[in-house]
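Have a look at the structure below, then the notes.
There are 2 protein chains.
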Amino acid sequence: MNIGIIGLGLIGGTIAKSLNKNHHINAYDINKETINYAIKNKIIHKGYNNLEEFLKDNSLIYLCLYPLDIVHFIEKYSSKINKNSLIIEISGIKTNLVNEIEKIKNKNYDIIFTHPIAGSEKIGIRYADENIFKDANYIITPIKTNIETNIKLAKRLAKEMNFKNISFLTKEEHDKIIAYTSQLTHILSLSLVNSIDTNLKLVNYIGDSYKDLTRIAEINTKLWPQLFIDNKENLIEKITKFQVELTEFKNALKNEDDVALTKLMEKSKSIHNKAMEETDNES
Amino acid sequence: MNIGIIGLGLIGGTIAKSLNKNHHINAYDINKETINYAIKNKIIHKGYNNLEEFLKDNSLIYLCLYPLDIVHFIEKYSSKINKNSLIIEISGIKTNLVNEIEKIKNKNYDIIFTHPIAGSEKIGIRYADENIFKDANYIITPIKTNIETNIKLAKRLAKEMNFKNISFLTKEEHDKIIAYTSQLTHILSLSLVNSIDTNLKLVNYIGDSYKDLTRIAEINTKLWPQLFIDNKENLIEKITKFQVELTEFKNALKNEDDVALTKLMEKSKSIHNKAMEETDNES
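Protein sequences, first through last, are from chains A and B. Each residue of the first sequence is one higher than the one before, starting from 20 at the first, in the numbering used here. Each residue of the second sequence is one higher than the one before, starting from 20 at the first, in the numbering used here.
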């Protein structure tokens with residue numbers, strides 16, 4: 020197949036690397052150096068510096084832009100997209116984006132909203148790596164106008180990219196759960212790092228727990244404020260719920276209540292075991 | 020050398036596995052099955068079910084018990100420890116323990132307080148694994164009466180076990196920094212898990228960030244309440260400081276202040292980069 024990619028960042032680049040053995044990959048990026056790098060390293064087959072030209076040649080397109088840029092792209096280029104094209108979008112938030120795009124898109128093409136739950140603390144095509152998709156989760160949030168065969172194709176390509184569980188959620192469900200599993204975790208990691216108050220050489224006094232909890236503090240500062248603000252209501256709700264649970268621990272500790280501490284830990288173990296349980300009813 | 024181990028749990032078992040190629044390992048455990056398992060799997064050379072007998076035969080001893088049990092052990096068995104013995108203790112808190120032990124120990128033997136910063140979410144000798152010590156950190160909190168050659172020996176053995184950075188801290192410094200790097204991280208992980216509020220099959224919607232932040236929620240519920248309560252003052256201080264930082268994020272989010280969010284992220288990245296920087300001035 021001919022597969023087009025708009026935006027060769029970490030995710031766009033990883034999609035290219037994951038599909039370039041079996042498909043012909045065309046890509047557009049605003050940055051000429053990125054295109055040159057991708058050609059030179061055989062990540063893509065053909066590069067474009069002109070978006071209109073790219074749109075003429077491609078009818079199956081992964082749109083790998085930041086949420087605000089997706090809206091700008093659809094506003095500006097909707098009329099240039101080939102009739103019956105399929106656009107697959109890959110950003111980390113959905114409700115507002117879907118609502119916005121549904122308002123401005125025309126009916127000539129289909130757009131499927133998806134979220135490959137994979138990433139890296141590194142930015143850019145130089146860090147693109149097929150392994151980050153391996154056994155990862157992929158969420159599709161269908162809209163009413165999506166064509167069934169297109170959804171099947173998006174799913175099949177996600178499988179080809181080695182995603183393990185491909186699930187369907189409404190846009191609202193997606194944003195609620197991502198506020199918890201991804202956005203809250205990043206805010207906790209950042210707040211943990213920011214609460215440091217030692218001048219000791221930390222690297223000598225840490226174990227895996229600190230490493231694990233702070234790896235994601237190396238965050239893409241251009242992307243994440245957009246994601247957080249866009250999902251503000253859900254995220255504030257999750258932070259508040261977390262604060263309640265943290266206060267439970269603090270109070271048990273203040274009271275030196277080892278029974279309460281043990282109960283809180285038992286609760287956590289039981290929830291975690293259940294939540295992480297793999298079953299075979301994947302779609 | 021003849022090396023004795025009291026308590027063949029995850030850490031005692033791992034010490035045995037790390038040293039049993041070059042030394043003769045004797046071990047005592049309250050549980051006969053544990054001793055049988057350790058003998059059968061060639062983790063130790065000789066097992067004891069009688070502690071007094073063990074103490075007669077061993078003068079270099081790793082004391083791998085929970086903090087409260089260490090105090091009980093010293094109270095009850097101080098007079099049975101061979102003259103000029105060296106006891107190396109390995110628990111995760113220091114100030115109260117050191118103070119307590121200094122009160123009750125006699126002068127016939129030396130005791131060195133150390134903290135191998137390594138562990139696992141699993142409990143018991145079956146999960147003992149030399150790899151958890153590889154390139155990990157080791158802290159020694161010397162006391163005034165420690166004999167210099169004994170400290171050198173404890174350090175040399177830690178190197179033999181493949182620890183990378185062996186650092187010296189006062190007991191108070193140790194407890195302050197561990198409250199942040201280890202205890203706070205565990206409480207954040209537990210609180211994150213406890214704040215779940217979905218019935219969706221979580222495992223299908225998570226990425227590495229959630230996995231990383233919740234791995235340590237599988238906690239040893241017998242050990243950690245002791246560690247937390249023992250270090251209560253420091254830990255409450257760290258939780259409070261974390262809460263302040265978390266509130267900064269929440270407020271920036273409420274105000275949809277992307278500049279403030281970006282600044283908080285930049286702050287975190289800069290602290291994290293500096294804190295994790297490896298240098299070569301290890302002791």
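Every residue, glycine too, gets a C-beta built ideally from N, C-alpha and C. Just so you know, these numbers come straight off a predicted model, no measurement behind them.
As assigned by DSSP and simplified to three states, the class of residue i
i, result
"tyrosine 128 of chain B", "coil"
"isoleucine 120 of chain A", "helix"
"serine 302 of chain A", "In this prediction, serine 302 of chain A scores a pLDDT of 41, lower than 50, which makes its location untrustworthy; the coordinate-derived value is nonetheless stated afterwards. If DSSP states are grouped into helix, strand and coil, serine 302 of chain A belongs with coil."
"phenylalanine 182 of chain A", "coil"
"isoleucine 106 of chain B", "strand"
"asparagine 39 of chain B", "coil"
"tyrosine 96 of chain B", "helix"
"asparagine 115 of chain A", "helix"
"alanine 46 of chain B", "strand"
"isoleucine 34 of chain B", "helix"
"asparagine 156 of chain A", "strand"
"isoleucine 136 of chain B", "strand"
"asparagine 101 of chain B", "coil"
"tyrosine 85 of chain A", "coil"
"alanine 271 of chain A", "helix"
"tyrosine 224 of chain B", "coil"
Contact check, residue i vs residue j, beta carbons under 7 Å
i, j, result
"tyrosine 236 of chain B", "serine 287 of chain A", "One detail in the question is off: residue 236 of chain B reads as alanine in this sequence, not tyrosine. In this structure, serine 287 of chain A lies closer than 7 Å to alanine 236 of chain B by Cβ."
"isoleucine 120 of chain B", "isoleucine 30 of chain B", "no"
"isoleucine 258 of chain A", "lysine 269 of chain B", "yes"
"leucine 27 of chain A", "aspartate 48 of chain A", "yes"
"isoleucine 170 of chain A", "lysine 124 of chain A", "no"
"phenylalanine 152 of chain A", "serine 214 of chain B", "no"
"threonine 114 of chain B", "glutamate 191 of chain B", "yes"
"glutamine 77 of chain B", "lysine 102 of chain B", "Per the sequence presented here, residue 77 of chain B reads as asparagine, with glutamine not at that position. Contact: no."
"isoleucine 116 of chain B", "glutamine 245 of chain B", "Reading the sequence as shown, one finds leucine at residue 116 of chain B and not isoleucine. Not in contact: leucine 116 of chain B and glutamine 245 of chain B (Cβ atoms no closer than 7 Å)."
"asparagine 218 of chain A", "asparagine 156 of chain B", "no"
"lysine 95 of chain A", "leucine 272 of chain B", "no"
"leucine 254 of chain B", "leucine 207 of chain A", "no"
"threonine 200 of chain B", "tyrosine 229 of chain A", "yes"
"lysine 51 of chain A", "glutamate 71 of chain A", "no"
"glycine 226 of chain A", "isoleucine 136 of chain B", "yes"
"histidine 42 of chain A", "isoleucine 22 of chain A", "yes"
"aspartate 231 of chain B", "aspartate 231 of chain A", "yes"
"glutamate 285 of chain A", "threonine 240 of chain B", "yes"
Endpoints, beta strand (DSSP E) assigned at residue i
i, result
"threonine 281 of chain B", "No beta strand (DSSP E) contains threonine 281 of chain B, which is instead part of the alpha helix (DSSP H) from 277 to 294."
"isoleucine 162 of chain A", "Premise fails: isoleucine 162 of chain A is in no beta strand (DSSP E) and is neither H nor E."
"isoleucine 22 of chain B", "21 to 25"
"glycine 66 of chain B", "65 to 67"
Option in the options with minimal Cα separation from residue i
i, options, result
"valine 263 of chain B", "A/His43, A/Leu209, A/Asp129, A/Ile248", "A/Leu209"
"isoleucine 131 of chain A", "A/Glu149, A/Thr233, A/Leu82", "A/Leu82"
"lysine 61 of chain A", "A/Phe73, A/Asp76, A/Ser78, A/Gly32", "A/Gly32"
"isoleucine 238 of chain A", "B/Leu283, B/Asn150, B/Ser97", "B/Leu283"
"leucine 176 of chain A", "A/Tyr85, A/Ile107, A/Asp194", "A/Ile107"
"lysine 220 of chain B", "A/Lys241, A/Asp88, A/Asn184", "A/Asn184"
"isoleucine 80 of chain A", "A/Ile25, A/Leu280, A/Ser98", "A/Ile25"
"phenylalanine 187 of chain A", "A/Ala173, A/Ala198, A/Met180", "A/Ala173"
"tyrosine 67 of chain A", "A/Asp88, A/Asn45, A/Leu116, A/Pro86", "A/Asn45"
"serine 180 of chain A", "A/Glu149, A/Asn165, A/Thr160", "As written in the sequence, residue 180 of chain A is methionine, which differs from the serine given in the question. Comparing Cα-Cα distances from methionine 180 of chain A to each of A/Glu149, A/Asn165, A/Thr160, the minimum goes to A/Glu149."
"leucine 280 of chain A", "A/Thr217, A/Ser78, A/Glu267, A/Ile197", "A/Glu267"
"leucine 38 of chain B", "B/Ile159, B/Gly111, B/Ala147", "B/Ala147"
"serine 104 of chain A", "A/Pro135, A/Asn165, A/Gln202", "A/Asn165"
"tyrosine 85 of chain B", "B/Asp276, B/Thr233, B/Asp249", "B/Asp249"
"threonine 160 of chain A", "A/Asp194, A/Lys141, A/Lys122", "A/Asp194"
"valine 212 of chain B", "A/Ala294, A/Asn21, A/Asp231, A/Asn274", "A/Ala294"
"asparagine 274 of chain B", "A/Ser289, A/Phe247, A/Asn69", "A/Phe247"
"isoleucine 142 of chain A", "A/Val90, A/Ser289, A/His91, A/Thr53", "A/Thr53"
"tryptophan 243 of chain B", "B/Glu256, B/Ala198, B/Asn69, B/Leu265", "B/Ala198"
Terminal residues of the alpha helix (DSSP H) in which residue i lies
i, result
"alanine 173 of chain B", "167 to 179"
"asparagine 55 of chain B", "51 to 59"
"leucine 82 of chain A", "From DSSP, leucine 82 of chain A is part of no alpha helix (DSSP H) but of the beta strand (DSSP E) over 79 to 82."
"threonine 217 of chain B", "Run containing threonine 217 of chain B: none; DSSP gives neither H nor E here."
"serine 228 of chain B", "227 to 233"
"aspartate 76 of chain A", "70 to 76"
Proximity test, residue i beta-carbon vs the ligand MG heavy atom, cut-off 6 Å
i, result
"glycine 26 of chain A", "The ligand MG is not part of this structure, which contains no ligands at all."
Next item on the list: Would you list, in sequence order, the uninterrupted beta strand (DSSP E) runs of no fewer than 3 residues that lie entirely inside the stretch 237 to 261 of chain A?
Entry: Within the stretch 237 to 261 of chain A, no complete beta strand (DSSP E) run reaches 3 residues.
Next item on the list: Check distances from the C-beta atoms of the stretch 268 to 295 of chain A to those of chain E and list, in chain order, the residues that come in under 7 Å.
Entry: Annotation note: the requested chain E is absent from the structure, which comprises protein chains A and B.
Next item on the list: Could you name each continuous alpha helix (DSSP H) segment of 4 residues or more that falls completely within the stretch 182 to 207 of chain A, going from the start of the chain to the end?
Entry: 190 to 197, all fully within the stretch 182 to 207 of chain A.
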